[in-house]
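Per our numbering, residue 66 is the first one in the sequence shown, and the count goes up by one each step. Before any comments, here is the structure.
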Amino acid sequence: MSVSVIIPARLDSTRLPRKALLDLGGKPMLQHVWERASKMQKADSVAIATDSEEIRERAEGWGATVHMTSPECQSGTERLAELLPKIDSQFFLNVQGDEPFIEPALLDSLVQVWEDTGCDLVTAVFRIHDSVDIFDPNLVKVVRRADGQAMYFSRSPLPYVRGFSQENWIAEGPAFWAHIGVYGYARETLSRYTGLTPGVLEKSEKLEQLRFLEHGFSIQAVETAYEPLGIDTPDDLEAARRRL
Numbered sequence: 066m067s068v069s070v071i072i073p074a075r076l077d078s079t080r081l082p083r084k085a086l087l088d089l090g091g092k093p094m095l096q097h098v099w100e101r102a103s104k105m106q107k108a109d110s111v112a113i114a115t116d117s118e119e120i121r122e123r124a125e126g127w128g129a130t131v132h133m134t135s136p137e138c139q140s141g142t143e144r145l146a147e148l149l150p151k152i153d154s155q156f157f158l159n160v161q162g163d164e165p166f167i168e169p170a171l172l173d174s175l176v177q178v179w180e181d182t183g184c185d186l187v188t189a190v191f192r193i194h195d196s197v198d199i200f201d202p203n204l205v206k207v208v209r210r211a212d213g214q215a216m217y218f219s220r221s222p223l224p225y226v227r228g229f230s231q232e233n234w235i236a237e238g239p240a241f242w243a244h245i246g247v248y249g250y251a252r253e254t255l256s257r258y259t260g261l262t263p264g265v266l267e268k269s270e271k272l273e274q275l276r277f278l279e280h281g282f283s284i285q286a287v288e289t290a291y292e293p294l295g296i297d298t299p300d301d302l303e304a305a306r307r308r309l
């Protein structure tokens with residue numbers, strides 16, 4: 066069973082222009098992601114998918130394999146699906162290009178869970194400990210079944226804790242989980258993606274993973290202690306430099 070890791074990257078980020086190539090400790094942020102993913106034990110190949118010639122030139126300069134994809138791709142998943150005729154792997158891991166601290170062990174664990182469960186997709190979640198985060202629409206919340214399968218993803222606080230004030234939800238309610246935007250797909254799952262029509266939930270929440278749930282696919286949500294640092298603003302970038 067072969068595993069391909071693909072890092073989708075684009076240059077025209079709306080909130081933080083040229084994000085993928087911004088300097089982080091003397092290297093482009095995208096290079097950090099590629100280096101971290103390359104430390105995996107279970108990956109047969111690691112590559113970058115982009116529509117930017119500048120990204121291709123820079124990435125090949127530090128030794129990365131780069132696949133050019135259409136500028137019409139609306140998501141990382143679309144970029145991966147476009148590469149299926151070129152890559153003969155049974156499992157694909159989509160690692161976002163703005164995760165410079167992603168843990169190789171976490172990525173390996175996602176592959177292992179897919180091998181163990183045979184689920185359609187696998188992703189990662191971490192536990193929320195701050196009440197403020199529950200109500201942050203930029204932090205996607207996940208409700209899971211007892212076996213770890215995702216039931217729903219939302220920008221809204223989920224689940225609702227009836228009978229307690231919101232500041233006490235962490236203490237009095239169930240565990241709250243936040244989503245980490247890394248996805249693993251079985252080849253068959255990824256091959257069917259472009260034929261799936263966006264549903265009302267995906268259009269409402271602006272969350273591409275809901276397309277899979279709306280069409281009946283299973284998503285296994287794996288717990289991790291890793292908490293991502295979203296890099297979408299200049300302040301986020303400075304925080305990442307401090308963390309590095």
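All residues carry an ideal CB built from backbone N, CA and C; glycine is no exception. Computed from a prediction, not measured in an experiment: that's the story for all the values here.
Mapping the DSSP letters down to three states, classify P169 as helix, strand or coil.
Residue numbering aside, residue 169 sits at position 104 when the sequence shown is read from its first letter. Helix.
Considering only residues of the region 238-296, which uninterrupted alpha helix (DSSP H) runs meet the minimum length of 4 residues and lie entirely inside it, listed in chain order?
You should have 252-258, 265-270 and 274-279.
Whole beta strand (DSSP E) runs in the region 84-125 with 3 or more residues, listed along the chain?
110-115, all fully within the region 84-125.
Quick one: is H194 buried, meaning 16 or more other Cβ sit within 10 Å of its Cβ, or exposed?
For the purposes of this step, residue 194 is taken as the residue at position 129 of the sequence shown. Exposed, since its Cβ has fewer than 16 Cβ neighbours within 10 Å.
Output the boundary residues of the beta strand (DSSP E) element that contains T188.
Counting from 1 along the sequence shown, the entry for residue 188 is found at position 123. First-last of the beta strand (DSSP E) with T188: L186 to R192.
Give the C-beta separation of S103 and S69 to the nearest angstrom, bearing in mind that I take them to be a contact with Cβ-Cβ under 8 Å.
For this step, residue 103 is matched to residue 38 along the sequence shown. For this step, residue 69 is matched to residue 4 along the sequence shown. About 13 Å separates the two Cβ atoms, so there is no contact after all.
With a 10 Å radius around its C-beta and 16 neighbouring C-beta atoms as the bar for buried, classify G228 as buried or exposed.
Counting from 1 along the sequence shown, the entry for residue 228 is found at position 163. The residue in question, G228, is exposed, as its Cβ has fewer than 16 Cβ neighbours within 10 Å.
What residue range does the alpha helix (DSSP H) around I72 cover?
Working through the sequence shown from its first residue, we reach residue 72 at position 7. That residue, I72, is in no alpha helix (DSSP H); its beta strand (DSSP E) goes V68 to A74.
Could you check whether L76 and E119 sit closer than 8 Å to each other, using their CB atoms as the reference points?
Walking along the sequence shown from the start, residue 119 turns up at place 54. Walking along the sequence shown from the start, residue 76 turns up at place 11. In contact: E119 and L76 (Cβ atoms closer than 8 Å).
Is it the case that the region 131-139 contacts the region 251-264, given that we only count it when at least three CB pairs across the two stretches are under 8 Å?
The region 251-264, when compared against the region 131-139, does not touch it at the 8 Å Cβ threshold.
Rounded to a whole number of angstroms, what is the C-alpha to C-alpha distance between S219 and V205?
For this step, residue 219 is matched to residue 154 along the sequence shown. For this step, residue 205 is matched to residue 140 along the sequence shown. Roughly 6 Å between the two C-alpha positions.
Starting from S196, follow the beta strand (DSSP E) in both directions and report where the run begins and ends.
Translated into positions along the sequence shown, residue 196 becomes position 131. Note, S196: premise wrong, no beta strand (DSSP E); alpha helix (DSSP H) at S196 to I199.
What span of residues does the beta strand (DSSP E) with L158 cover, start to end?
Here residue 158 is taken as the residue at index 93 of the sequence shown, counted from 1. F156 to N159 is the extent of the beta strand (DSSP E) around L158.
By alpha-carbon positions, which one of A74, Q96, L266 and G238 ends up nearest to P165?
Numbered from 1 along the sequence shown, position 100 holds the residue referred to as residue 165. Ranking A74, Q96, L266 and G238 by Cα distance to P165 puts Q96 first.
According to DSSP, I209 sits in a beta bridge with which residue or residues?
The residue given as residue 209 occupies position 144 in the sequence shown. Reading off the sequence shown, one finds Arg at residue 209, where the question assumed Ile. DSSP output for R209 lists A215 as bridge partner(s).
Just to confirm before moving on: does the CB-CB distance between P222 and F200 stay below 8 Å?
Residue numbering aside, residue 222 sits at position 157 when the sequence shown is read from its first letter. Residue numbering aside, residue 200 sits at position 135 when the sequence shown is read from its first letter. Yes; because the gap between Cβ atoms is below 8 Å, this pair is in contact.
Below 6 Å CB to CB, which residues in the same chain sit around I113 once its five sequence neighbours on both sides are set aside?
Position 48 of the sequence shown holds residue 113. I72, A74, A124, A129 and V131.
Over what stretch of residues does the alpha helix (DSSP H) that includes E142 continue unbroken?
Mapped onto the sequence shown, residue 142 falls at position 77. For clarity, residue 142 is Thr in the given sequence; the question names Glu instead. Here the alpha helix (DSSP H) through T142 covers G141 to E147.
Look at the Cβ atom of D173, then the Cβ atom of K84, and state whether they are nearer than 8 Å.
In the sequence shown, residue 173 corresponds to position 108, counting from 1. In the sequence shown, residue 84 corresponds to position 19, counting from 1. No, the Cβ-Cβ distance between D173 and K84 is not below 8 Å.
Taking 8 Å as the threshold (C-beta atoms), are L309 and Y217 in contact?
In the sequence shown, the residue the question calls residue 217 occupies position 152. In the sequence shown, the residue the question calls residue 309 occupies position 244. In this structure, L309 does not lie closer than 8 Å to Y217 by Cβ.
What residue range does the alpha helix (DSSP H) around P202 cover?
Here residue 202 refers to the residue found at position 137 when the sequence shown is read from its first residue. Neither: P202 is in no alpha helix (DSSP H) and is coded neither H nor E.
Using alpha carbons as the reference points, say which of A215, S196 and Y258 lies closest to I235.
For the purposes of this step, residue 235 is taken as the residue at position 170 of the sequence shown. Of A215, S196 and Y258, the residue nearest in Cα terms is S196.
Using CA atoms only, rank isn't needed, just tell me which of L302, E147 and V178 is closest to V287.
On the sequence shown, residue 287 is found 222 positions in, with the first residue counted as 1. Of the listed residues, the one whose Cα sits closest to V287 is V178.
For T298, collect the residues of the same chain with a Cβ closer than 8 Å to its Cβ; drop the 5 residues on either side in sequence, then sort them by chain order.
Sequence index remark: in the sequence shown, residue 298 carries index 233 (1-based). Cβ neighbours of T298 beyond the five flanking positions: R80 and L81.
When you compare only the Cα positions, how much space is there between Y231 and Q285?
As a position in the sequence shown, residue 231 is number 166, starting the count at 1. As a position in the sequence shown, residue 285 is number 220, starting the count at 1. Just to set this straight, residue 231 is Gln in the shown sequence, not Tyr. Going from the Cα of Q231 to the Cα of Q285 covers about 28 Å.
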